[in-house]
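J.:
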Amino acid sequence: MAQHPRVAIVGGGPAGLMAAEVLAQAGAQVDLYDAMPSVGRKFLLAGRGGLNLTHSEPLLPFLSRYAEREPELTPLVQAFTPEQLREWAEALGIGTFIGSSGRVFPTDMKAAPLLRAWLHRLRTLGVQFHMRHRWQGWADDGQALRFGSPAGDITVQADALVLATGGASWARLGSDGAWVPWLQARGAEIAELRPANCGFDVGPTAPGRTGWSEHLASRFAGQPVKPVALSFTNHEGQVRRQQGEFVITATGIEGSLIYAFSALLREAVLARGQATFHLDLLPSHSPEQVLAETRRPKGPRSLSTHLKSRLGIQGLKMALLHELLTPEQLQDPAQLATALKALPITVIAARPVDEAISTAGGVRFEGLTPGLMLHSVPGVFCAGEMLDWEAPTGGYLLTACFATGRQAARGLLGWWGSRAN
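Sequential numbering from 1 applies to the sequence shown in UniProt numbering.
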């Protein structure tokens with residue numbers, strides 16, 4: 001047996017590239033295949049508004065962001081912490097800083113310089129890149145890998161395989177979930193792919209109407225609602241509240257505050273057909289302050305003018321009140337005050353998975369070794385977003401992709417070494 005394995009990696013996102021780095025540094029012969037004309041397409045897209053590499057919060061609350069998969073991801077992230085990720089970027093010549101929200105960004109906010117420096121390192125290590133090579137599963141012998149390439153269909157032999165093919169969001173950038181039936185046919189345990197960090201369609205907004213009115217959708221779609229606080233009560237009666245902002249869409253809602261609750265809302269919709277959260281339009285005001293102002297005589301002024309002058313409610317926030325309350329509720333000071341502090345909004349469907357920022361579901365950890373090798377297919381390792389985990393935006397997604405790519409490579413090296421002994 002050769003001292004060093006020949007490894008095929010499918011997927012040129014952060015997980016695949018990190019696996020390539022660790023393997024090549026250990027002396028493996030690495031060939032990386034990607035369906036796109038160049039690697040890191042989704043990585044570059046994520047960096048358009050400023051590449052959020054990781055988050056600076058203490059490790060224990062950081063790890064809690066992985067929710068149900070915290071036990072599985074904890075040892076992986078502990079082995080490649082957010083601080084180590086920053087040091088890794090620094091070694092590539094990319095400095096980082098902590099933003100006001102605690103998120104960590106490259107000094108110049110851009111993804112492209114980091115990706116260029118990383119690819120230069122990988123090529124120096126001997127990694128071979130094969131672009132426009134779309135993986136198509138295994139050949140009839142169950143060993144050779146099938147690819148569609150510019151030269152036609154080809155097969156590739158490798159000693160081991162790292163799959164980092166992404167989930168099913170943003171298929172135009174390469175992650176289309178086509179791998180699911182191929183792995184299922186080989187006995188892999190796979191949870192259904194679902195949208196994560198996604199928007200939602202709203203449900204009833206008035207008697208006899210589902211969705212926004214034409215007036216609100218045409219006038220306010222694309223505009224942010226801020227500052228607000230969102231509260232949601234789960235099926236166990238536990239209340240979660242968070243302040244932030246979100247955006248009105250033509251059919252519903254999206255944006256960072258919604259993404260923070262997307263897993264809870266999605267699961268509630270799946271279980272009950274809808275989910276209702278409450279919106280505090282005046283998070284800096286107490287209920288007593290709001291009620292005092294709604295009870296204050298407005299004289300000849302309109303309600304809109306009164307709320308604008310006394311509470312700063314105007315524009316989109318005022319439009320939401322008109323959208324979701326009856327005229328009787330608007331004119332009743334107690335009901336209006338309650339709505340200003342807890343405006344109910346019902347959602348009835350998550351937006352399609354291809355629109356989502358990320359994907360929930362995927363290869364279940366229960367079907368993997370600690371080194372992320374499939375129990376059912378020895379020599380095949382999985383990493384990144386194709387694994388069954390999810391996290392909110394804020395650097396948690398990228399951190400876990402880096403960490404799982406590193407772990408898959410280390411698992412592969414350990415497996416190869418055990419076979420050689």
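Note that CB positions come from ideal geometry on N, CA and C, so glycine has one too.
Are V10 and T165 close, meaning C-beta to C-beta below 7 Å?
T.: Taking 7 Å as the Cβ cut-off, V10 and T165 qualify as a contacting pair.
J.: Quick check: does the Cβ of L264 come within less than 6 Å of any heavy atom belonging to the ligand MG?
T.: The ligand MG is not among the ligands present in this structure, which contains no ligands whatsoever.
J.: If you draw a straight line from the alpha carbon of A185 to that of S376, how long is it in whole angstroms?
T.: Approximately 10 Å between the Cα atoms of the pair.
J.: Within the continuous beta strand (DSSP E) that includes G152, where are the two ends?
T.: G152 -> beta strand (DSSP E) spans 152 to 156.
J.: Here's the rule: buried if 16 or more other CB atoms are within 10 angstroms of the residue's CB, otherwise exposed. What is P300?
T.: Looking at its Cβ environment, which holds fewer than 16 other Cβ atoms inside 10 Å, P300 is exposed.
J.: Where does R295 fall in DSSP's three states?
T.: Of the three classes helix, strand and coil, the one that applies to R295 here is helix, per DSSP.
J.: The beta strand (DSSP E) that contains C382, what's its start and end?
T.: Per DSSP, C382 belongs to the beta strand (DSSP E) from 380 to 382.
J.: Could you check which residue in A144, G211, V104 has the C-alpha nearest to that of F62?
T.: Here the closest residue by C-alpha is V104.
J.: In three-state terms, what does DSSP make of T105?
T.: The question names Thr, but residue 105 is Phe in the sequence shown. In this structure, F105 counts as strand in the three-state DSSP scheme.
J.: Among the candidates L114, A221, A8, whose CA atom is the shortest distance from the CA of G95?
T.: Closest option to G95, Cα to Cα, is L114.
J.: Can you give the beta carbon distance from G411 to M373, rounded, assuming they're within the 8 Å contact cut?
T.: That belief holds up - the Cβ atoms of G411 and M373 are roughly 6 Å apart, short of 8 Å.
J.: I'd like the span of the alpha helix (DSSP H) that includes R69, first residue to last.
T.: Run containing R69: none; DSSP gives neither H nor E here.
J.: Just curious, the beta strand (DSSP E) that M131 is in, first and last residue?
T.: 128 to 131 is the extent of the beta strand (DSSP E) around M131.
J.: Pull the bridge partners of L200 from the DSSP assignment, please.
T.: According to the sequence displayed, residue 200 carries Phe and not Leu. I253, A350.
J.: Using the three-state DSSP reduction, which class does P287 fall into: helix, strand or coil?
T.: If DSSP states are grouped into helix, strand and coil, P287 belongs with the helices.
J.: G137 CB to nearest chain B CB: under 7 Å?
T.: Checking the listed chains, one finds no chain B in this structure; it contains a single protein chain.
J.: Relative to the C-alpha of A46, which candidate in R172, L398, A409, A403 has its C-alpha closest?
T.: The residue with the shortest Cα to Cα distance from A46 is L398.
J.: Quick one, which of E267, V30, Q335 has its alpha-carbon nearest P5's?
T.: Among E267, V30, Q335, the Cα nearest to that of P5 is on V30.
J.: Looking only at DSSP bridge pairs, what is Y33 linked to?
T.: Paired residues: V10, H130.
J.: Could you tell me whether the segment 125 to 136 touches the segment 32 to 52, where touching means 3 or more Cβ pairs closer than 8 Å?
T.: Yes, they touch.
J.: Just confirm the distance between the C-beta atoms of L264 and F232, as a whole number of angstroms; I'd bet it's less than 8 Å.
T.: Right, their Cβ atoms sit about 6 Å apart.
J.: Decide if N234 is buried, meaning its Cβ has at least 16 other Cβ atoms within 10 Å, or exposed.
T.: By the 10 Å Cβ count, N234 comes out exposed.
J.: Report yes or no: do the segment 375 to 392 and the segment 148 to 167 share at least 3 C-beta pairs separated by less than 8 Å?
T.: A contact exists between the segment 375 to 392 and the segment 148 to 167.
J.: Can you tell me which of the three DSSP states K308 falls into?
T.: In this structure, K308 counts as helix in the three-state DSSP scheme.
J.: Thinking L122 and L23 are a contact (beta carbons under 8 Å), I'd like their distance in whole angstroms, please.
T.: Their Cβ separation, rounded to whole angstroms, is 10 Å, which puts L122 and L23 out of contact at 8 Å.
J.: Just curious, the beta strand (DSSP E) that V247 is in, first and last residue?
T.: Segment 239 to 248, the beta strand (DSSP E) holding V247.
J.: Only counting the same chain, and skipping five residues up and downstream in sequence, which positions put a Cβ closer than 8 Å to that of L324?
T.: Excluding sequence neighbours, L324 sits near T205, A206, A339, L343, P344, I345.
J.: Assuming H278 is part of the beta strand (DSSP E), what are its boundary residues?
T.: Taken as a continuous stretch (DSSP letters only), the beta strand (DSSP E) holding H278 covers 275 to 280.
J.: For the pair the segment 241 to 251 and the segment 218 to 226, tell me if three or more CB-CB distances fall below 8 Å.
T.: Contact between the segment 241 to 251 and the segment 218 to 226 is present, because at least three Cβ pairs lie under 8 Å.
J.: Have a look at Q329 and L336 and give me their C-alpha separation to the nearest angstrom.
T.: Q329 and L336: Cα-Cα distance of roughly 6 Å.
J.: Helix or strand or just coil, what does DSSP make of residue 434?
T.: The requested residue 434 is not part of the displayed model; the chain covers only 1 to 421.
J.: With DSSP as the reference, please indicate the residues paired to F232 in a beta bridge.
T.: R240.
J.: Within the same chain, show all residues whose beta-carbon is closer than 7 Å to that of R295, passing over the 5 residues directly before and after it, in chain order.
T.: Cβ within range, chain order: P333.
J.: With the cut-off set at 7 Å, would you say R65 and A391 are in Cβ contact?
T.: Yes, they are a contact pair.
J.: For the segment 157 to 190, list the alpha helix (DSSP H) runs that are entirely contained and at least 4 residues long, ordered along the chain.
T.: Counting only runs of 4 or more, we get 180 to 185.
J.: Check the C-beta distance from A260 over to Q238 and give it rounded, since I have them as a contact under 8 Å.
T.: Between Q238 and A260 the Cβ distance is about 15 Å, and since that is not below 8 Å, they are no contact.
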